[in-house]
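Presented below is the structure to which this report refers.
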Amino acid sequence: MESQYTSEGIISFLRGSNWLQEKANNKFVAYRAPNSMIDDFVLTVPQQQEAKSSIHLDRIVRTICELYNLSDEMAETMFSDSGNGTLSIQIVDEITASGTIPFHIYESHIQELKKILLHNASFCIVNDALGVDVPEEAETYLNKCEFMQTQKGSFVSRIKLPVGRITAPLIGVEALDSSVINNKLADVLSFVFEKVTTGIVAFDRPAIDEYSSLINVKLLTDISSFLKKTNAESVNFYFKPEQDFTRTIQSGCVDEAAYDNLDRYIEFVGNSLSSPVEISSWGKVVELKSHNVKGQRKSIVVNRNGRGVLPIHINSLTNDQYEIALEAHRSNRYIRITGRAVQRKYYLRMVEIDTFSIREIRAS
């Protein structure tokens, strides 16, 4: 009888779980387990899907399931051709060991997952480290996510993630590929559990700059809230994309030290990034974004003169200010801006505007 599991599915899981390829030939490929899991342990996987390899594949899957505490239901998702484009979240503790979960914990679990998905999408679209803005495209992404039937194996919730491009309603904004958003979440979760909850990440500005593509205060806060409300001993995330290898992100033991490390880091990053600076500057409007003429969500980007000078992003203009920006853009004239802004790695985000006007050209 042919196995329901595939060599490709098994290899995808091993690669995404940091197993190292050691040897390979036309028939087999050998992978060594991470030393943090088990010492000097190797699995040999058939390269080709053949009837005679079915028993071998089943044995390999049983071994992996024992190592990772995966149920038969989860094995079907992880090691077969089904389940592509899914995110599986496994809660591991005594309460959920039988595959059930108290209703109040499940309710919080779903609500916090929705926040994580929403604010991760916002992070990709807006690229704001504080996570202040939630664009409509992020809501579109969340609405395309589908919660699937839960599985046993402690307790596992599954989400079918969107595929394709997310339509951008804003003028001048290109549609964003869903795979970018999906992979970003896996990257952020890996950063949190490998660097932050373990206390490895440094609390200084160079480290913020180094990990700026993974830092979003609102998203980090969502993850912290998810862990606390789930109150599990550990949580494992399995991201199986449409293409590329399956990614395994394990929280390890979630204890008071892990909570403390994460919360202190969130506070540090928030304080470091949210201190506004005084701005008195001028420049040319290079981007304008608006849903419609009467809408309230209007934003612009202003490029300033000078080598290495950061552009200014303004996300909430009044109708009058937007009309001024339109006129300046049409006439190729400069905008004068004063107020307060929060500095990001690649731009300044205005948080308070005192002056916003077209810079008058003096007669010679």
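Each residue of the sequence shown is one higher than the last, beginning at 3 in this note's numbering.
Quick reminder that beta carbons are idealized off the backbone N, C-alpha and C, glycines included.
Separation of residue j from residue i, as counted between CA atoms
{"i": "Lys29", "j": "Ile168", "result": "41 Å"}
{"i": "Ile360", "j": "Pro104", "result": "60 Å"}
{"i": "Ser180", "j": "Gln323", "result": "33 Å"}
{"i": "Ala343", "j": "Val279", "result": "5 Å"}
{"i": "Thr8", "j": "Ile93", "result": "26 Å"}
{"i": "Val44", "j": "Asn184", "result": "30 Å"}
{"i": "Asn27", "j": "Glu10", "result": "15 Å"}
{"i": "Asn218", "j": "Arg335", "result": "35 Å"}
{"i": "Arg405", "j": "Ser301", "result": "What the structure shows of the chain is the stretch from 3 to 366, and residue 405 is not part of that stretch, so it cannot be assessed."}
{"i": "Ile57", "j": "Phe241", "result": "26 Å"}
{"i": "Ala260", "j": "Leu69", "result": "23 Å"}
{"i": "Ile210", "j": "Gln345", "result": "12 Å"}
{"i": "Gln113", "j": "Leu328", "result": "40 Å"}
{"i": "Ser220", "j": "Val237", "result": "Correcting the residue type first, residue 220 is Lys in the shown sequence and not Ser. For Lys220 and Val237, the distance between alpha carbons rounds to 20 Å."}
{"i": "Tyr108", "j": "Glu96", "result": "15 Å"}
{"i": "Leu59", "j": "Pro48", "result": "8 Å"}
{"i": "Glu139", "j": "Ile225", "result": "21 Å"}
{"i": "Ser82", "j": "Asp74", "result": "12 Å"}
{"i": "Leu319", "j": "Ser333", "result": "19 Å"}
{"i": "Ile355", "j": "Ser276", "result": "16 Å"}
{"i": "Ala365", "j": "Ser283", "result": "Residue placement at Ala365 is flagged as unreliable, the pLDDT there being 46, under the threshold of 50; the coordinate-derived value follows with that caveat. Taking the straight line from one Cα to the other gives about 21 Å."}
{"i": "Asn266", "j": "Pro164", "result": "It is Arg, not Asn, that sits at residue 266 in the sequence shown. Taking the straight line joining both Cα atoms gives about 33 Å."}
{"i": "Ser253", "j": "Leu89", "result": "15 Å"}
{"i": "Thr142", "j": "Asp257", "result": "35 Å"}
{"i": "Lys231", "j": "Leu115", "result": "11 Å"}
{"i": "Thr46", "j": "Ser84", "result": "23 Å"}
{"i": "Asn321", "j": "Asn305", "result": "21 Å"}
{"i": "Leu22", "j": "Val136", "result": "39 Å"}
For residue i: DSSP bridge partner residues
{"i": "Trp284", "result": "Arg338"}
{"i": "Asp179", "result": "Arg167"}
{"i": "Lys25", "result": "Ala32"}
{"i": "Ser9", "result": "Answer by DSSP bridge pairing: none, since Ser9 is not bridged."}
{"i": "Val158", "result": "Gln92 and Gln153"}
{"i": "Arg249", "result": "Phe241"}
{"i": "Glu78", "result": "According to DSSP, which records beta bridges pairwise, Glu78 is partnered with nothing at all."}
{"i": "Glu148", "result": "Lys162"}
{"i": "Val279", "result": "Ala343"}
Cβ pair residue i, residue j closer than 8 Å
{"i": "Ile127", "j": "Cys147", "result": "no"}
{"i": "Leu350", "j": "Leu290", "result": "no"}
{"i": "Val287", "j": "His331", "result": "yes"}
{"i": "Ile268", "j": "Phe195", "result": "no"}
{"i": "Val190", "j": "Leu229", "result": "no"}
{"i": "Pro243", "j": "Gly87", "result": "yes"}
{"i": "Ile316", "j": "Met352", "result": "yes"}
{"i": "Glu24", "j": "Ala35", "result": "no"}
{"i": "Gly201", "j": "Asn263", "result": "yes"}
{"i": "Thr248", "j": "Ser14", "result": "yes"}
{"i": "Lys186", "j": "Asn122", "result": "yes"}
{"i": "Met76", "j": "Val158", "result": "yes"}
{"i": "Phe270", "j": "Ile91", "result": "no"}
{"i": "Gln6", "j": "Glu78", "result": "yes"}
{"i": "Leu119", "j": "Leu144", "result": "yes"}
{"i": "Ala131", "j": "Ser214", "result": "yes"}
Simplified DSSP assignment, three categories, for residue i
{"i": "Ile302", "result": "strand"}
{"i": "Val344", "result": "strand"}
{"i": "Met39", "result": "coil"}
{"i": "Pro137", "result": "coil"}
{"i": "Leu290", "result": "strand"}
{"i": "Ser236", "result": "strand"}
{"i": "Ile316", "result": "strand"}
{"i": "Val256", "result": "coil"}
{"i": "Val271", "result": "helix"}
{"i": "Val203", "result": "coil"}
{"i": "Val311", "result": "coil"}
{"i": "Gly18", "result": "helix"}
{"i": "Asn86", "result": "coil"}
{"i": "Ala99", "result": "coil"}
{"i": "Ser73", "result": "coil"}
{"i": "Ala188", "result": "helix"}
{"i": "Leu264", "result": "helix"}
{"i": "Leu216", "result": "helix"}
Terminal residues of the beta strand (DSSP E) in which residue i lies
{"i": "Ser333", "result": "Here Ser333 belongs to no beta strand (DSSP E); instead the alpha helix (DSSP H) covers Asn321 to Ser333."}
{"i": "Thr232", "result": "First-last for Thr232: Val219 to Thr232, but that is the alpha helix (DSSP H), not the beta strand (DSSP E)."}
{"i": "Arg61", "result": "Run containing Arg61: none in the beta strand (DSSP E); it sits in the alpha helix (DSSP H), Ser56 to Tyr70."}
{"i": "Pro48", "result": "Val44 to Pro48"}
{"i": "Val353", "result": "Leu350 to Ile360"}
Limits of the alpha helix (DSSP H) - the one that residue i falls within
{"i": "Ser124", "result": "Phe105 to Val128"}
{"i": "Asp211", "result": "Arg207 to Glu212"}
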